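If you read the sequences in order, they're chains A and B.
According to my numbering, the residues represented by the first sequence are 25 to 235, in order.
According to my numbering, the residues represented by the second sequence are 25 to 235, in order.
There are 2 protein chains.
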Amino acid sequence: MSTESTQPEFTDRQRAVLDKALELLVEGGEKALTTAAIARAAGCSKESLYKWFGDRDGLLAAIVTRQASKVIPGADPSANMSKQSLRAALEEFARNLLETISGDVSLALNRLAIGQASKADTGLGAILQKSGRARIGAQTTALLEAGCKQGHLHCEDPQDAYSTLYGLVVRDQHLRMLLGSDAKASPKDLNLTAKTAVEQFMKLYGADTTR
Amino acid sequence: MSTESTQPEFTDRQRAVLDKALELLVEGGEKALTTAAIARAAGCSKESLYKWFGDRDGLLAAIVTRQASKVIPGADPSANMSKQSLRAALEEFARNLLETISGDVSLALNRLAIGQASKADTGLGAILQKSGRARIGAQTTALLEAGCKQGHLHCEDPQDAYSTLYGLVVRDQHLRMLLGSDAKASPKDLNLTAKTAVEQFMKLYGADTTR
DNA sequence: GATTTTCTGTACCGTACGGTACGGTTCTGT
DNA sequence: ACAGAACCGTACCGTACGGTACAGAAAATC
Numbered sequence: 025m026s027t028e029s030t031q032p033e034f035t036d037r038q039r040a041v042l043d044k045a046l047e048l049l050v051e052g053g054e055k056a057l058t059t060a061a062i063a064r065a066a067g068c069s070k071e072s073l074y075k076w077f078g079d080r081d082g083l084l085a086a087i088v089t090r091q092a093s094k095v096i097p098g099a100d101p102s103a104n105m106s107k108q109s110l111r112a113a114l115e116e117f118a119r120n121l122l123e124t125i126s127g128d129v130s131l132a133l134n135r136l137a138i139g140q141a142s143k144a145d146t147g148l149g150a151i152l153q154k155s156g157r158a159r160i161g162a163q164t165t166a167l168l169e170a171g172c173k174q175g176h177l178h179c180e181d182p183q184d185a186y187s188t189l190y191g192l193v194v195r196d197q198h199l200r201m202l203l204g205s206d207a208k209a210s211p212k213d214l215n216l217t218a219k220t221a222v223e224q225f226m227k228l229y230g231a232d233t234t235r
Numbered sequence: 025m026s027t028e029s030t031q032p033e034f035t036d037r038q039r040a041v042l043d044k045a046l047e048l049l050v051e052g053g054e055k056a057l058t059t060a061a062i063a064r065a066a067g068c069s070k071e072s073l074y075k076w077f078g079d080r081d082g083l084l085a086a087i088v089t090r091q092a093s094k095v096i097p098g099a100d101p102s103a104n105m106s107k108q109s110l111r112a113a114l115e116e117f118a119r120n121l122l123e124t125i126s127g128d129v130s131l132a133l134n135r136l137a138i139g140q141a142s143k144a145d146t147g148l149g150a151i152l153q154k155s156g157r158a159r160i161g162a163q164t165t166a167l168l169e170a171g172c173k174q175g176h177l178h179c180e181d182p183q184d185a186y187s188t189l190y191g192l193v194v195r196d197q198h199l200r201m202l203l204g205s206d207a208k209a210s211p212k213d214l215n216l217t218a219k220t221a222v223e224q225f226m227k228l229y230g231a232d233t234t235r
């Protein structure tokens with residue numbers, strides 16, 4: 025409740041352990057994420073792990089939560105902007121989104137959360153989703169709303185518009201990568217995808233200020 | 025190699041076992057899918073399981089492959105059709121797609137494949153993806169191509185168009201459901217989503233024959 | 001410097017699972 | 001009727017993992 029670090033968070037040491045654990049997760053999947061392996065990799069004892077995080081599920085939750093807390097500010101919310109700069113911001117968002125979801129960490133965390141989705145609700149999915157939204161969604165939605173109020177966009181519901189933009193950008197790429205099929209798309213393709221997605225989005229939601 | 029049943033497929037009995045196994049998977053996730061549990065549920069012995077499917081991974085692959093083989097014909101490829109009927113076909117596709125990916129079996133299989141994605145490539149992801157495409161993607165792409173050749177659509181690359189349509193329809197719903205967040209959307213919403221998605225798609229790719 | 005707390009390293013326990021072995025039973029073909 | 005195969009049920013083995021216990025080192029507190 026104080027000015028900063030309102031949540032009890034974790035010790036530096038503990039955060040380091042979580043990072044090591046994440047590293048393991050990224051390169052070996054969940055099956056590689058045994059308590060023994062974590063302890064060995066992080067140079068701590070299993071007993072400490074249990075003392076700090078309760079049990080394995082708590083540890084997983086801690087890993088996810090920690091990553092979720094690393095939020096990148098992203099684009100500035102709103103000045104009055106030109107249609108051009110709005111478009112640029114959206115393209116930036118698209119690039120960021122594509123880059124993020126194709127990152128090793130993102131893929132590993134999503135795989136983890138999806139794997140836990142069936143068993144007793146540890147809420148990993150919820151955490152990931154909230155953080156995902158917080159990471160980029162909310163700000164971009166705000167951006168869309170701003171663009172709408174300034175007449176660049178014709179939007180009924182910013183949430184819907186954001187959702188559409190998301191679909192146009194990501195398509196089925198995320199699932200494909202989660203399934204492990206594709207090598208990472210080159211940044212060239214990534215840029216192109218972002219551009220065309222925004223192009224299409226503007227065609228759908230852009231107010232015809234030019235005409 | 026003979027006239028029929030070109031793929032070795034499986035015995036009726038074995039298929040029944042696979043179905044039971046799938047049932048277990050759907051209601052309990054992968055952790056519930058132990059060889060003992062399958063044997064018990066299907067009323068067969070573990071030894072038979074190993075005789076028929078090799079090992080656990082082979083069994084998982086068999087489960088996925090079996091479901092993949094259940095392809096629904098879907099819409100007829102092409103007569104000459106009106107723009108109206110094309111639109112209707114696309115909406116039908118959208119509804120089917122949404123219904124499919126929000127189905128319990130689809131979710132369970134995708135979770136399974138994603139879970140296996142990190143470990144040694146058993147290729148579940150590839151199978152699922154190919155079957156997914158085969159199930160609806162290819163036909164719809166053909167439909168789009170037909171619509172394009174008949175001048176209802178302005179398309180550069182049918183593959184791209186399909187991809188866009190997919191994105192507009194699914195947005196981030198699939199991932200959200202895989203993460204286990206949402207209750208199933210009502211068929212009302214589903215229908216609406218399909219309609220607006222196709223609406224948007226036509227706005228992007230529809231040739232302005234009306235004008 | 002002594003005492004107390006926290007930590008590491010290792011050993012240990014119980015359990016669960018993948019995979020195999022085997023005796024008994026049902027089915028099949030002749 | 002009989003032989004052989006396929007199969008069921010169960011028991012079994014080895015291993016791996018989650019979680020705990022414990023002894024000694026390190027750090028911290030006084």
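For each residue, glycine too, the CB sits at the ideal point set by N, CA and C.
Keep in mind that this is a model prediction, so the values were computed, not measured.
Asked	Found
Within chain A, the residues that T188 (chain B) reaches when beta carbons sit closer than 8 Å	L192, R195, Q224
Presumed contact (8 Å Cβ cut-off) between A231 (chain B) and H178 (chain B), rounded CB distance	5 Å
Candidates B:E54, B:G204, B:A45: closest to K154 (chain A) by CA position	B:G204
Residues of the region 129-156 of chain A with Cβ closer than 7 Å to any Cβ of chain B, in chain order	R135, A137, I138, G139, A141, S142, K143, G149, A150, L152, Q153
Cα-Cα separation between T30 (chain B) and Q224 (chain B), rounded to whole angstroms	Unreliable positioning characterises T30 (chain B) in this predicted model, as indicated by a pLDDT of 40, which lies under 50. The coordinate reading is nonetheless provided below. If I take the Cα positions, the gap works out to 43 Å.
Under 7 Å from the C-beta of R119 (chain A): neighbouring residues of chain B	In chain order: nothing, as chain B lies at least about 16 Å away.
Cross-chain neighbours of S205 (chain A) in chain B, by beta carbon under 7 Å	G149, A150, Q153
Identified DSSP bridge partners for L177 (chain B)	B:G230
Distance cut-off 7 Å: S69 (chain A) Cβ against heavy atoms of the ligand MG	The ligand content of the structure shown is nil, which means the ligand MG is not present either.
At least three beta-carbon pairs within less than 8 Å, the region 178-196 of chain B to the region 76-89 of chain B	no
Min CB distance G52 (chain B) to chain A below 8 Å	yes
Residue burial classification, S142 (chain B) (beta-carbon count within 10 angstroms, cutoff 16)	buried
Three-way DSSP call (helix, strand, coil) for D196 (chain A) in this model	coil
Proximity test, Cβ basis, 8 Å: L73 (chain B) and chain A	no
Proximal residues of chain A, C-beta to C-beta of R200 (chain B) below 9 Å	G149, Q153
Chain A contact for L83 (chain B) (CB, 8 Å cutoff)	no
Between the CA atoms of V222 (chain A) and L114 (chain A) - distance to the nearest angstrom	7 Å
Host alpha helix (DSSP H) of N134 (chain A) (start-end)	128-140
Beta-carbon contacts of L202 (chain B) that lie in its chain and below 8 Å, excluding the five residues immediately before and after	L131, N134, R135, I138
N- and C-terminal bounds of the alpha helix (DSSP H) containing A56 (chain B)	Note, A56 (chain B): premise wrong, no alpha helix (DSSP H); not H, not E.
Cβ-Cβ distance between G191 (chain B) and G191 (chain A) below 8 Å	yes
is_contact[L177 (chain B), chain A] using C-beta, thresh 8 Å	no
Helix, strand or coil at N215 (chain A) according to DSSP, with G and I counted as helix	helix
Euclidean distance between Cα positions of Q38 (chain A) and Y74 (chain A)	12 Å
Under the three-state DSSP convention, the category G191 (chain B) falls into	helix
S180 (chain A) to R119 (chain B) span [Cα, whole Å]	The displayed chain sequence assigns Glu, not Ser, to residue 180 (chain A). Their Cα atoms are separated by approximately 23 Å.
Cβ of L228 (chain A) within 8 Å of any chain B Cβ	yes
N- and C-terminal bounds of the alpha helix (DSSP H) containing K107 (chain A)	107-125
Amino acids of chain B, ordered along the chain, whose beta-carbon sits closer than 8 Å to that of K11 (chain A)	Since the first residue shown for chain A is 25 and the last is 235, residue 11 (chain A) is missing from the structure and cannot be characterised.
Member of A:L49, A:G78, A:M105, A:W76 whose CA lies at the smallest distance from the CA of A65 (chain A)	A:L49
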